[in-house]
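Novice:
Residue numbers (the working numbering), protein chains in the order written: chain H, 11 to 416; chain L, 6 to 455.
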């Protein structure tokens, strides 16, 4: 097998759902050995689906298949003492331990960082939780929605006369997963240069707040409080999704799309695109503040062109004028996209639901490019790991299985 | 101060705007020495965005909050690469770098002989990361790309929007910071490999691709059922009720997300409506999905009489997932973000003390990944960096003389006119509801007044 960047790294992961599992997928696809420890009923994402023909089956959950590639699965009830003993044997051979529970739950299980650090001084103990292990909301529960709400992103997304809108696809979970991945790698780097394991505490709310573009900065530097306004940027309009003949396009004039007020004699790329150079002389067209405020009238100037051209024609023409317009694909469009196909982005993995196409790697590397192999069946590595590596006998495994520990 | 993990790692940073600088801000926060480059005729364009106090006065390029928050902890040089002596200095820095980052479309770096193939001639084990909109290969490789186009381009907007409404963007260039985070993780992964084998490599990061895994469940739903997922506002197949609910006050909201019957029971009791648990319209998961509108109306009766933080605390203390929807001011005062140190107060030249948001979310036991050094002014570290690579005072003076390095931008028109043009009509924005408010005493409120 080809060499991978993280070959030899050993990870034990008891997190469930999206954030923790996405972090360990990124490690596993780069070669780390990730032992996914699931409760005997399985990671709860096995119940969330989507499922083929909408028939629930824990081995056919699309979410699970997507997020748990390249891992091996061991079932173990870590909420009981018998399971905790087995888990600690796993930790003795691990570099990284990933948990997705709140600090109070871990404490009740005897698995908080303070409970294990003396025994495993070189372990990187990585925790992702809705509000982090410290602070006034540490015991609060949450998910992507609560993180998006706390981060200011949600307040500034949506229509001004309606409720704030959350971004689709549980992005708070993924951002937290990526920040957890960064935290784990940083702690490993620190272990290599300065020595010692560490505690890595990622709050989902904090992870999303790190992605704030300028909402808090507008207050901290201007005293201005932004409001959602059709998801628009404060510093320019358009820069938004607009309807065209056969769907939608993202209209983005970029830095040089309109005539600069400082260079009044030029013809702008936006006027060329709309096939009407007289537009440049209208303040409504060429002045940013006017466009922002009188946007309905401005859209009236765009509409004759947009409504009579396809997304393909519009984006290709705009790009030829160096205007950074973009498409608005749905998931079906993405799967058929020529550019993504040319880059071999999507990956195929085997699963109990048959061969599935899953989203590919978020980056490519020239020597050790990450790659996904199939997500594991529930408990499929029990024997290999518990008997093969930890030395439990067949009888031991039968007893633990009877009592619901594995 | 404790040692940081990337101390001694040199990053030569040609990245611009948002995604790339978010990536290298993370490396800098972890202790790397990040040196970023701008050109006199081509400053980072974000030096034109969100100018402090929106006052139209001069030196706007030193007063951009957008630039300042993303470039803390880095060093900056202003070099004119059309001058051979400037190009030579930059190539020397690249030849000694551990990591090179850039965010242009594919042809730009090659024009300067700073593409990966050229750099490895003198620096064979360098790690180089290109962050671009659509990647280095494929038919769209040369498309010009802005972050606001890449969130829709990744499929996210097709599942973002009100029910029955058009696709929508997040109110920020969402995939920019996200792909910057991915870039930082990819570089850390490459550093692990180099530590083990001594070998560097090239990382090709497409911002479009980086974000597609977020729509993974929707992609698999399409494959498994043939459906193309629709826009459903704030609702979810995995929770009901779920939504943003109106609270007391002007434009205040709280989100609530209830996963199962037990949590629903706790919510009903916390709202003083234990009877909802036995109401056949709401008693089961399926019934709550079916009668979501009716339930929302009842929940809103309760939330609309209460402050959004009260809603959050009351429900959370009862064991229900809930949060206040915070605006750009509230997050700066929130006790959670305060306690966890989300904002580091730094003294920024010309701007005084300012809270700078974290880019590494993780809290570590052995070190702190925080902002400690202000973002570079234009060309602030020209001399310092050149001396470190052996340039004499005379050589540096000659470079200043020829314009190879400098500290002032070259603008097509007088600077004061540009500064004026960047002033946004905020008073009219307030009238139209684009801004909620402007508070002139904000520095006193934040405790950062001079």
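The beta-carbon is built from N, C-alpha and C at its ideal position, and this holds for glycine as well.
Go ahead and label residue 320/H buried or exposed: buried means 16 or more other beta carbons lie within 10 angstroms of its beta carbon, across all protein chains shown.
Specialist: Mapped onto the first chain, residue 320/H falls at position 310. Classification for residue 320/H: exposed.
Novice: With contact counted as at least three CB pairs below 8 Å, one residue from each stretch, are the stretch 348-359 of chain H and the stretch 168-184 of chain L in contact?
Specialist: Short answer: they don't touch.
Novice: Reducing DSSP to helix, strand and coil, say where residue 13/H ends up.
Specialist: Counted from its first residue, the first chain places residue 13/H at position 3. Here residue 13/H sits in coil by DSSP.
Novice: So, at 6 Å on beta carbons, what are the nonlocal neighbours of residue 50/H in its own chain, with the 5 sequence-adjacent residues on each side left out?
Specialist: The sequence position of residue 50/H within the first chain is 40, counting from 1. Cβ neighbours of residue 50/H beyond the five flanking positions: 85, 87 and 414.
Novice: Just to check my reading of the structure: residue 230/L and residue 63/H have Cβ atoms closer than 8 Å, yes? What is that Cβ distance to the nearest angstrom?
Specialist: As a working mapping, residue 230/L is identified with position 225 in the second chain. As a working mapping, residue 63/H is identified with position 53 in the first chain. Confirmed, about 7 Å.
Novice: Quick check: is the beta carbon of residue 76/H nearer than 8 Å to any beta carbon in chain L?
Specialist: If you number the first chain from 1, residue 76/H lands on position 66. With 8 Å as the cut-off, residue 76/H counts as an interface residue toward chain L.
Novice: Less than 8 Å between CB atoms is the rule here; does residue 274/L satisfy it with respect to chain H?
Specialist: Locating residue 274/L in the second chain gives position 269, where the first residue counts as 1. Output row for residue 274/L: interface = no.
Novice: Using the beta-carbon count (16 or more within 10 Å), is residue 339/H buried or exposed?
Specialist: Position 329 of the first chain holds residue 339/H. Looking at its Cβ environment, which holds 16 or more other Cβ atoms inside 10 Å, residue 339/H is buried.
Novice: Span of the alpha helix (DSSP H) holding residue 94/H?
Specialist: Translated into the one-based positions of the first chain, residue 94/H becomes position 84. Where residue 94/H is concerned, the enclosing alpha helix (DSSP H) stretches over 91-102.
Novice: With a threshold of 8 Å between beta carbons, is residue 445/L in contact with chain H?
Specialist: By one-based count along the second chain, residue 445/L stands at place 440. Yes, residue 445/L counts as interfacial toward chain H.
Novice: Check the DSSP bridge columns for residue 207/L and list the partner residues they point to.
Specialist: Taking the second chain and counting its residues from 1, the one referred to as residue 207/L is at position 202. Answer is 133/L, bridged to residue 207/L.
Novice: Cα separation between residue 90/H and residue 336/H?
Specialist: Counting from one through the first chain, the residue named residue 90/H turns up at place 80. Counting from one through the first chain, the residue named residue 336/H turns up at place 326. C-alpha separation (whole angstroms): 52 Å.
Novice: Shorter than 8 Å from the beta carbon of residue 275/H to some beta carbon of chain L?
Specialist: One-based indexing of the first chain puts residue 275/H at position 265. So no, residue 275/H is outside the interface.
Novice: Between the stretch 358-375 of chain L and chain H, which residues of the former have a C-beta closer than 9 Å to a C-beta of the latter?
Specialist: Of all residues in the stretch 358-375 of chain L, 359, 360, 361, 362, 363, 364, 365, 366, 367, 368, 369, 370, 371, 372 and 374 have a Cβ within less than 9 Å of some Cβ in chain H.
Novice: Rounded to whole angstroms, what's the CA-CA distance from residue 361/L to residue 74/L? Just pull it up for me.
Specialist: Numbered from its first residue, the second chain carries residue 361/L at position 356. Numbered from its first residue, the second chain carries residue 74/L at position 69. Between residue 361/L and residue 74/L, the C-alpha separation is close to 5 Å.
Novice: Which residues share a DSSP beta bridge with residue 83/L?
Specialist: The sequence position of residue 83/L within the second chain is 78, counting from 1. 43/L, per the DSSP bridge assignment.
Novice: Can residue 136/L and residue 25/L be called in contact, C-beta distance under 8 Å?
Specialist: The residue you call residue 136/L lines up with position 131 of the second chain. The residue you call residue 25/L lines up with position 20 of the second chain. A contact, by the Cβ cut-off of 8 Å.
Novice: Thinking residue 44/H and residue 38/H are a contact (beta carbons under 8 Å), I'd like their distance in whole angstroms, please.
Specialist: As a first step, residue 44/H must be located in the first chain, where it is residue number 34. As a first step, residue 38/H must be located in the first chain, where it is residue number 28. Correct: roughly 4 Å between the Cβ atoms.
Novice: To the nearest angstrom, how far is it from the Cα of residue 303/H to the Cα of residue 146/H?
Specialist: Translated into the one-based positions of the first chain, residue 303/H becomes position 293. Translated into the one-based positions of the first chain, residue 146/H becomes position 136. Rounded to the nearest angstrom, the two C-alpha atoms are 41 Å apart.
Novice: By the three-class DSSP mapping on this structure, what secondary structure does residue 130/H have?
Specialist: Start at 1 with the first residue of the first chain, and residue 130/H comes out as number 120. Residue 130/H falls in the coil class under three-state DSSP.
Novice: Could you tell me the distance, in whole angstroms, from the CA atom of residue 344/L to the CA atom of residue 144/H?
Specialist: As a first step, residue 344/L is located in the second chain; it is residue number 339 there, counting from the start. As a first step, residue 144/H is located in the first chain; it is residue number 134 there, counting from the start. Those two C-alpha atoms are separated by around 8 Å.
Novice: Tell me whether residue 198/L is buried or exposed, calling it buried when 16 or more other Cβ atoms sit within 10 Å of its Cβ.
Specialist: Reading the second chain from its first residue, position 193 is the one you call residue 198/L. Looking at its Cβ environment, which holds 16 or more other Cβ atoms inside 10 Å, residue 198/L is buried.
Novice: Taking the beta carbon of residue 53/H as the centre, do at least 16 other beta carbons fall within 10 Å, making it buried, or is it exposed?
Specialist: The residue given as residue 53/H occupies position 43 in the first chain. Buried: at least 16 other Cβ atoms inside 10 Å.
Novice: For residue 227/L, does the three-state DSSP call read helix, strand or coil?
Specialist: Residue mapping note: residue 227/L aligns to position 222 of the second chain, counting from 1. Three-state DSSP puts residue 227/L in a helix.
Novice: Skipping 5 residues on each side, what residues in its chain have a beta carbon closer than 6 Å to that of residue 133/L?
Specialist: Within the second chain, numbered from 1, the residue matching residue 133/L stands at position 128. Excluding positions up to five away in sequence, the list reads 105, 121 and 207.
Novice: Closer than 9 Å by beta-carbon distance: list the chain H residues that pair up with residue 8/L, in chain order.
Specialist: Stepping through the second chain from its first residue, residue 8/L is reached at position 3. Within chain H, the residues near residue 8/L are 200, 203 and 204.
Novice: Thinking residue 186/H and residue 336/L are a contact (beta carbons under 8 Å), I'd like their distance in whole angstroms, please.
Specialist: Residue 186/H sits at position 176 when you count from the first residue of the first chain. Residue 336/L sits at position 331 when you count from the first residue of the second chain. Actually they are not in contact, since the Cβ atoms of residue 186/H and residue 336/L sit about 17 Å apart, beyond 8 Å.
Novice: When you compare the CB of residue 319/H with every CB in chain L, is at least one pair closer than 8 Å?
Specialist: Numbered from 1 along the first chain, position 309 holds the residue referred to as residue 319/H. Not closer than 8 Å to any Cβ of chain L, the Cβ of residue 319/H fails to qualify, so no.
Novice: Could you tell me the distance, in whole angstroms, from the CA atom of residue 263/L to the CA atom of residue 325/L?
Specialist: In the second chain, the residue the question calls residue 263/L occupies position 258. In the second chain, the residue the question calls residue 325/L occupies position 320. About 7 Å.
Novice: According to DSSP, what are the bridge partners of residue 381/L?
Specialist: Taking the first residue of the second chain as 1, we reach residue 381/L at position 376. DSSP output for residue 381/L lists no bridge partner at all.
Novice: Going by C-alpha distance, which of 177/H, 290/H, 327/H and 271/H is nearest residue 428/L?
Specialist: Working through the second chain from its first residue, we reach residue 428/L at position 423. Checked all of 177/H, 290/H, 327/H and 271/H; the closest Cα to residue 428/L is 271/H.
Novice: With a cut-off of 8 Å, do at least 3 Cβ pairs link the stretch 362-378 of chain H to the stretch 200-214 of chain L?
Specialist: Short answer: they touch.
Novice: Could you give the DSSP three-state label for residue 203/H: helix, strand or coil?
Specialist: Position 193 of the first chain, counted from the start, is the residue given in the question as residue 203/H. Note: residue 203/H maps to helix in three-state DSSP.
Novice: Between the Cα of residue 282/H and those of 294/H, 325/H and 331/H, spot the shortest distance and give me the residue it belongs to.
Specialist: In the first chain, the residue the question calls residue 282/H occupies position 272. Comparing Cα-Cα distances from residue 282/H to each of 294/H, 325/H and 331/H, the minimum goes to 331/H.
Novice: Determine whether the Cβ of residue 142/H lies closer than 8 Å to any Cβ atom of chain L.
Specialist: By one-based count along the first chain, residue 142/H stands at place 132. Cβ-Cβ to chain L under 8 Å: yes for residue 142/H.
Novice: Should residue 180/H go down as buried or exposed, given a rule of 16 or more other Cβ atoms within 10 Å for buried?
Specialist: By one-based count along the first chain, residue 180/H stands at place 170. It counts as buried.
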